[in-house]
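*Asks:* I'd like to ask you about the structure that follows.
There are 2 protein chains.
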Amino acid sequence: MVRGKLKKVAGSLVLGVGLMSGSVMAGDVVEKPKVLIFDVNETLLDLASMRSSVGEALGGREDLLPLWFSTMLHYSLVSTVTRDYHDFGQIGVASLRVVAQNNGVELTDEQAKKAIITPLLTLPPHPDVKEGLARLKAEGYKIVSLTNSSNKGVQAQFENAGLLPYFDARYSIEDIQIYKPDLRSYEWVLDKLDVEPEEAMMVAAHGWDVAGAKEAGLQTTFIARPGKALFPLSKKPDHVVKDVNELADILQ
Amino acid sequence: MVRGKLKKVAGSLVLGVGLMSGSVMAGDVVEKPKVLIFDVNETLLDLASMRSSVGEALGGREDLLPLWFSTMLHYSLVSTVTRDYHDFGQIGVASLRVVAQNNGVELTDEQAKKAIITPLLTLPPHPDVKEGLARLKAEGYKIVSLTNSSNKGVQAQFENAGLLPYFDARYSIEDIQIYKPDLRSYEWVLDKLDVEPEEAMMVAAHGWDVAGAKEAGLQTTFIARPGKALFPLSKKPDHVVKDVNELADILQ
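Chains as they are written, first to last, in our numbering: chain H, 69 to 320; chain X, 69 to 320.
Okay, structure coming up:
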């Protein structure tokens, strides 16, 4: 890989990422990043594997998995803006109890923990992840993770998914108790990495994550996993790809 | 009403508000508030009336109304923490498009606007609201609203719902572009009202709203509307009631 090589990207997209992927414009010319920062849940690991355990806890309502995850994301930011930090796992458990109650299902704290904690720690990687990461690593990229999960949580997730060897470092917002996509979470990791915003690329399957990273000045790649759309009001990411392999194609 | 009268409240509750309502403890002794600050959407106005328009836009999936609202709430805080403000109505439209796409439904911006904007501005009040507010007003309480909706939006909502006469003032976070429950939103309205935190009571049907107000030092009342649960990790509100009439019973 030639470091600092200029790459011209073109195209445009806001919604409709399921129909169209590939490089998209943010500016005309983008310099290759020095470090790739990967989000973890949904981006690397497949949350859909939790559908049955969450559904069972919710009295058979497997369709409520997205509402549970959305509620957890909402309350993670509630925790940040009210300065009342709780661990992402705890928020996940509490959010499941809220979704259960709002849907007339009785669920104890113990039952909620059982439905979530072990499945969340044993999510399988998406099928493209290991090959894509191996290719990016072979190209010489520094690869790190930045997650809302706790340090201990993401370590277990990576161990179970066999992802430990691909990463130079793992960062958790637990250390600063400020959830993504608060701009301070990206600024903190850039400081730890000792790079300028434009030298880093945030890679995520969440519109809100790439939106925050873009506002913080990073390059961004949106992985359009099934059922994941960009947020129409946010700045466009530099790239939209279908998986990590396609990102490796672009960055080779 | 005797101003500043001390009132002893007791009881305790975190989840299970559907089963149990009434005064609950926060401290042993609570002084009656000088001003009541009401949240608007869901607290005073019935969002369920939008189920059919949102469901129609989502290809018949009326069950997705809570996911749409949760996505809107999440993105309102994304907007705050990434310092990229958009109007609550715009966020609502964009969130509906995201939920549509994530569920394989094609929906244009115009269709999303049509499904949301007019219905949101014409939400009916819950049946207890006018009587409850009239009683609180007769007791001499200063009554204001604080909403994530825009100034223009909440004015239209109150006009259409016939709520204008009950309020001494209306506040929208549009003026500071910081969504509830960011602590700064409550601090801002306290400053406008020129009262200390403990002299005000936030009244809302959302766990995250009373949680933020509590962290900001206000008295809080949770209205346990059907399908609305408190967040288990947050501090308990001072009161949990089933409707505004029950709040009027407590504050008389």
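Backbone N, C-alpha and C define an ideal beta-carbon position, used for all residues, glycine too.
Predicted model only: the values in this text are computed from it and were never measured.
Could you name the residues of chain X that residue 304 of chain H contacts, counting a contact when the two beta carbons are closer than 8 Å?
*Replies:* Under the 8 Å cutoff, chain X gives no residues; its nearest Cβ is about 13 Å from residue 304 of chain H.
*Asks:* Please report the straight-line C-alpha distance between residue 181 of chain X and residue 161 of chain X, rounded to a whole angstrom.
*Replies:* Roughly 6 Å separates the two Cα atoms.
*Asks:* Find the residues of chain X that neighbour residue 296 of chain H, judging by a C-beta separation of less than 8 Å, and give them in chain order.
*Replies:* 170
*Asks:* Strictly under 7 Å for the Cβ-Cβ distance: is residue 129 of chain X near chain H by that measure?
*Replies:* no
*Asks:* Within 10 angstroms of its Cβ, does residue 293 of chain X collect 16 or more other Cβ (buried), or is it exposed?
*Replies:* buried
*Asks:* For a test of the three-state rule: what should DSSP assign to residue 274 of chain X, helix, strand or coil?
*Replies:* coil
*Asks:* Going straight from the alpha carbon of residue 199 of chain H to that of residue 315 of chain X, what length do you get?
*Replies:* 60 Å
*Asks:* Does the separation of the CB atoms of residue 107 of chain X and residue 277 of chain X fall below 7 Å?
*Replies:* yes
*Asks:* I'd like to know whether the C-beta of residue 149 of chain X is nearer than 7 Å to at least one C-beta of chain H.
*Replies:* yes
*Asks:* Cβ of residue 111 of chain X within 7 Å of Cβ of residue 237 of chain X?
*Replies:* Taking 7 Å as the Cβ cut-off, residue 111 of chain X and residue 237 of chain X do not qualify as a contacting pair.
*Asks:* Could you pull the start and end residues of the alpha helix (DSSP H) that residue 237 of chain X belongs to?
*Replies:* Looking at the DSSP string, residue 237 of chain X is not in any alpha helix (DSSP H); the run it does join, the beta strand (DSSP E), is 237–240.
*Asks:* Taking DSSP's pairing of strands, which residues face residue 137 of chain X in a bridge?
*Replies:* In DSSP, residue 137 of chain X forms no bridge with anything.
*Asks:* What is the rounded straight-line gap between the Cα of residue 304 of chain X and the Cα of residue 290 of chain X?
*Replies:* So the two alpha carbons sit approximately 9 Å from each other.
*Asks:* Could you pull out every residue in the same chain whose Cβ sits closer than 6 Å to the Cβ of residue 159 of chain X, ignoring the five residues on either side in sequence?
*Replies:* 140, 143, 144
*Asks:* Give the DSSP-derived three-state secondary structure of residue 193 of chain H in the structure shown.
*Replies:* strand
*Asks:* Rounding to the nearest angstrom, what Cα-Cα distance links residue 95 of chain H and residue 150 of chain X in this structure?
*Replies:* Residue confidence is low: residue 95 of chain H scores 49 on pLDDT, short of 50, so the model does not pin down where it sits. No coordinate-derived value is stated.
*Asks:* Name the DSSP beta bridge partners of residue 104 of chain X, please?
*Replies:* X/211, X/269
*Asks:* So, does the CB of residue 138 of chain H fall closer than 7 Å to a CB anywhere in chain X?
*Replies:* Interface residue, yes.
*Asks:* Please report whether the beta-carbon of residue 142 of chain X lies at a distance below 7 Å from any beta-carbon of chain H.
*Replies:* yes
*Asks:* How big is the Cα-Cα spacing for residue 226 of chain H and residue 164 of chain X?
*Replies:* 33 Å
*Asks:* Going by beta carbon distance, what residues of the same chain come within less than 8 Å of residue 171 of chain H, once the five residues before and after it are set aside?
*Replies:* 126, 127, 129, 132
*Asks:* Residues of chain H with a CB under 8 Å from the CB of residue 158 of chain X: which are they?
*Replies:* Contact annotation for residue 158 of chain X against chain H: 301 [CB-CB distance below 8 Å, chain order].
*Asks:* What are the partner residues of residue 113 of chain X, as DSSP defines its beta bridges?
*Replies:* X/109, X/193
*Asks:* Within this structure, are the beta carbons of residue 298 of chain X and residue 280 of chain X separated by less than 7 Å?
*Replies:* no
*Asks:* Here's the rule: buried if 16 or more other CB atoms are within 10 angstroms of the residue's CB, otherwise exposed. What is residue 176 of chain H?
*Replies:* exposed
*Asks:* Figure out for me which residue from X/157, X/168, X/255, X/167 has the closest Cα to the Cα of residue 109 of chain X.
*Replies:* X/157
*Asks:* Distance check for residue 232 of chain H and residue 271 of chain X, CA to CA, integer angstroms please.
*Replies:* 48 Å
*Asks:* Does any residue of chain X have a CB that is nearer than 7 Å to the CB of residue 292 of chain H?
*Replies:* no
*Asks:* In this structure, what does DSSP give as the bridge partners for residue 255 of chain X?
*Replies:* Answer is none; residue 255 of chain X lacks a bridge partner.
*Asks:* Taking residue 219 of chain H as the reference, which of H/243, H/228, H/197 has the closest Cα?
*Replies:* H/243
*Asks:* Report the rounded CA-to-CA distance for residue 240 of chain X versus residue 216 of chain X, giving the unit in angstroms.
*Replies:* 6 Å
*Asks:* Should residue 186 of chain H go down as buried or exposed, given a rule of 16 or more other Cβ atoms within 10 Å for buried?
*Replies:* Residue environment: residue 186 of chain H is assigned as exposed (fewer than 16 neighbouring CB atoms within 10 Å of its CB, all protein chains considered).
*Asks:* Starting from residue 124 of chain H, trace the alpha helix (DSSP H) both ways and give me its first and last residue.
*Replies:* 119–125
*Asks:* Comparing alpha-carbon positions, which option in X/100, X/319, X/320, X/104 lies nearest residue 211 of chain X?
*Replies:* X/104
*Asks:* For the segment 193–206 of chain X, which residues have a beta carbon sitting closer than 9 Å to at least one beta carbon of chain H?
*Replies:* Residues: none.
*Asks:* Buried or exposed: which applies to residue 283 of chain X, given that a residue is buried once 16 or more other Cβ atoms fall within 10 Å of its Cβ?
*Replies:* buried
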